[in-house]
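**Student:** Protein chains in written order, with numbering that gives the first Met the number 0: chain A, 0 to 106; chain B, 0 to 106; chain C, 0 to 106.
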Amino acid sequence: MKLVLAIVGNDDSGMVSAALTKEGFSVTKLATTGGFLKKGNTTFIVGTEDDKVDQVISIIAGQSRRRTQLVPSTTTMDIGVYSAFPVEVTIGGSTIFVLNVDRFEKV
Amino acid sequence: MKLVLAIVGNDDSGMVSAALTKEGFSVTKLATTGGFLKKGNTTFIVGTEDDKVDQVISIIAGQSRRRTQLVPSTTTMDIGVYSAFPVEVTIGGSTIFVLNVDRFEKV
Amino acid sequence: MKLVLAIVGNDDSGMVSAALTKEGFSVTKLATTGGFLKKGNTTFIVGTEDDKVDQVISIIAGQSRRRTQLVPSTTTMDIGVYSAFPVEVTIGGSTIFVLNVDRFEKV
Ligand code: NI
Ligand code: NI
Ligand code: NI
Numbered sequence: 000m001k002l003v004l005a006i007v008g009n010d011d012s013g014m015v016s017a018a019l020t021k022e023g024f025s026v027t028k029l030a031t032t033g034g035f036l037k038k039g040n041t042t043f044i045v046g047t048e049d050d051k052v053d054q055v056i057s058i059i060a061g062q063s064r065r066r067t068q069l070v071p072s073t074t075t076m077d078i079g080v081y082s083a084f085p086v087e088v089t090i091g092g093s094t095i096f097v098l099n100v101d102r103f104e105k106v
Numbered sequence: 000m001k002l003v004l005a006i007v008g009n010d011d012s013g014m015v016s017a018a019l020t021k022e023g024f025s026v027t028k029l030a031t032t033g034g035f036l037k038k039g040n041t042t043f044i045v046g047t048e049d050d051k052v053d054q055v056i057s058i059i060a061g062q063s064r065r066r067t068q069l070v071p072s073t074t075t076m077d078i079g080v081y082s083a084f085p086v087e088v089t090i091g092g093s094t095i096f097v098l099n100v101d102r103f104e105k106v
Numbered sequence: 000m001k002l003v004l005a006i007v008g009n010d011d012s013g014m015v016s017a018a019l020t021k022e023g024f025s026v027t028k029l030a031t032t033g034g035f036l037k038k039g040n041t042t043f044i045v046g047t048e049d050d051k052v053d054q055v056i057s058i059i060a061g062q063s064r065r066r067t068q069l070v071p072s073t074t075t076m077d078i079g080v081y082s083a084f085p086v087e088v089t090i091g092g093s094t095i096f097v098l099n100v101d102r103f104e105k106v
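Have a look at this one:
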């Protein structure tokens, strides 16, 4: 038995949660205050058999991998003309810790 | 030293917290958002000596074990007659992970 | 790789967070409801290389070690005279668990 502790940005946490649940994993979400990702994040606790750790990591990565995105950006010039151009920003990214479980009980 | 991480339904978390504290265990409760139990739950962190893990699990189980309860249920029939009869529902249930502690410090 | 789980009183959690971040550690803070410290506390998750565990513990201890402080205290006497005298109170104190990380992924 392993415990997967994953820190997922809030933009992706809904999709991560849905994807894990759909595949039959029990997911507990902890409210996170602040954190090392700028926008706030959610900490997931997922208990799983050893041989499904790869699948859990793959699901989390699939829904939250660090990626770039083009977003509109606006610059105002002196003469009152607006110029909107796309800027590439990096979003997403998760940090995943896998811990050994010494004992597991469901009561 | 072990760290017990227990996910307890909110119906039972007050009793679990009180029972652990009464027996002298240090309890930290994490706010949990959503989760695999329907009604919301609380994640407990309890640090304990190896030989007291059984006691911690027994206390948590004693206050939160999955159990059935009869609740009133109402059915309305066509002819305007109400029938209230008890329905058996399952409540409670906790998930408990025990982790090895590599090092423990109180400062 | 180690995961440091530290429960820090809310009086000190801002300083602990700032000091860890300044030294380059990735810090995740979990909202804690109640707990074994009277005033509420914050649970920190810090992932770190094995050889930096001492540094992490030292930073946390340096900002949150249990200590005494003199605070003003006021007694009102029968004859309407106030006497303000300092009282020594204990503040701070953190509980730190270090866990082995079986696998670590940043995606
Ligand atoms: Ni196992
Ligand atoms: Ni031990
Ligand atoms: Ni290591």
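Glycine residues also receive a C-beta, built at the ideal position from the N, C-alpha and C atoms.
#1: Return helix, strand or coil for B:V91, following the three-state DSSP convention.
#2: If you count every other CB in all the chains shown that lies within 10 Å of the CB of B:Q62, and 16 or more means buried, which is it?
#3: Report the residue from A:A30, A:L69 and A:I78 whose alpha carbon sits nearest the alpha carbon of A:V88.
#4: Have a look at the DSSP bridge pairing and note the partners of B:N99.
#5: Thinking C-alpha only, which one of B:T47, B:S93, B:P85 and B:N99 is nearest B:D11?
#6: May I ask you to list, following chain order, the residues of the region 46-64 of chain C that have a beta carbon less than 8 angstroms from some beta carbon of chain A?
#7: So with CB distances below 9 angstroms, who are the chain A contacts of B:S93?
#8: Taking Cβ-Cβ distances below 7 angstroms as the criterion, which residues of the region 5-19 of chain B are in contact with chain C?
#9: Hey, could you find the ends of the beta strand (DSSP E) B:G46 is sitting in?
#10: Which residues of chain B have a Cβ atom closer than 9 angstroms to the Cβ of C:K1, listed in chain order?
#11: Take A:A60 as the anchor and find which of C:E104, C:L2, C:T47 and C:L4 has the nearest alpha-carbon.
#12: Take the Cβ of C:F86 as the centre, count every other Cβ of all protein chains shown within 10 Å, and call the residue buried at 16 or more, exposed below.
#13: Rounded to the nearest angstrom, what separates C:G79 and C:R65 at their Cα positions?
**Tutor:** In brief:
#1: Sequence index remark: in the second sequence, residue 91 of chain B carries index 92 (1-based). Before going further, note that residue 91 of chain B is Gly rather than Val in the sequence given. Residue state, collapsed to three classes: coil.
#2: Counted from its first residue, the second sequence places residue 62 of chain B at position 63. Buried, since its Cβ has 16 or more Cβ neighbours within 10 Å.
#3: Position 89 of the first sequence holds residue 88 of chain A. Checking every option, the nearest Cα to that of A:V88 belongs to A:L69.
#4: Numbered from its first residue, the second sequence carries residue 99 of chain B at position 100. Looking at the DSSP assignment, B:N99 forms a beta bridge with B:K1.
#5: Within the second sequence, residue 11 of chain B is the residue found at index 12, counting from 1. Nearest of B:T47, B:S93, B:P85 and B:N99 to B:D11, Cα basis: B:S93.
#6: G46
#7: Residue mapping note: residue 93 of chain B aligns to position 94 of the second sequence, counting from 1. Those are E104, K105 and V106, listed as they occur along chain A.
#8: none
#9: Position 47 of the second sequence, counting from 1, holds the residue named residue 46 of chain B. That run of the beta strand (DSSP E) goes N40 to T47.
#10: As a first step, residue 1 of chain C is located in the third sequence; it is residue number 2 there, counting from the start. Residues of chain B passing the Cβ test: D101 and R102.
#11: Position 61 of the first sequence, counting from 1, holds the residue named residue 60 of chain A. Among C:E104, C:L2, C:T47 and C:L4, the Cα nearest to that of A:A60 is on C:E104.
#12: Numbered from its first residue, the third sequence carries residue 86 of chain C at position 87. For clarity, residue 86 of chain C is Val in the given sequence; the question names Phe instead. Looking at its Cβ environment, which holds fewer than 16 other Cβ atoms inside 10 Å, C:V86 is exposed.
#13: Locating residue 79 of chain C in the third sequence gives position 80, where the first residue counts as 1. Locating residue 65 of chain C in the third sequence gives position 66, where the first residue counts as 1. Approximately 36 angstroms, taken between the alpha carbons.
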